[in-house]
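In our numbering, the protein residues as written are 1252 to 1318. Using N, Cα and C, we set each Cβ at its ideal position, and we do this for glycine too. Quick caveat: nothing in here was measured; it's all calculated off a predicted structure. Notes for the one structure printed next.
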């Protein structure tokens, strides 16, 4: 029973250390979150421009067929 209790105590201690690290280094995770949000925004913006380029190419192709 002491072994099981020591395992749970070790797991609890590891969780406490992880929370302590997050609590003292929260700004690092904030910067990572902001960077990820900019990455997602940039990705969606590029996807919109790619779709716009495809539409422009299609219009140019149709205009070239008409003449």
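Coil, strand or helix - residue i by DSSP
i, result
"residue 1297", "helix"
"residue 1316", "helix"
"residue 1276", "coil"
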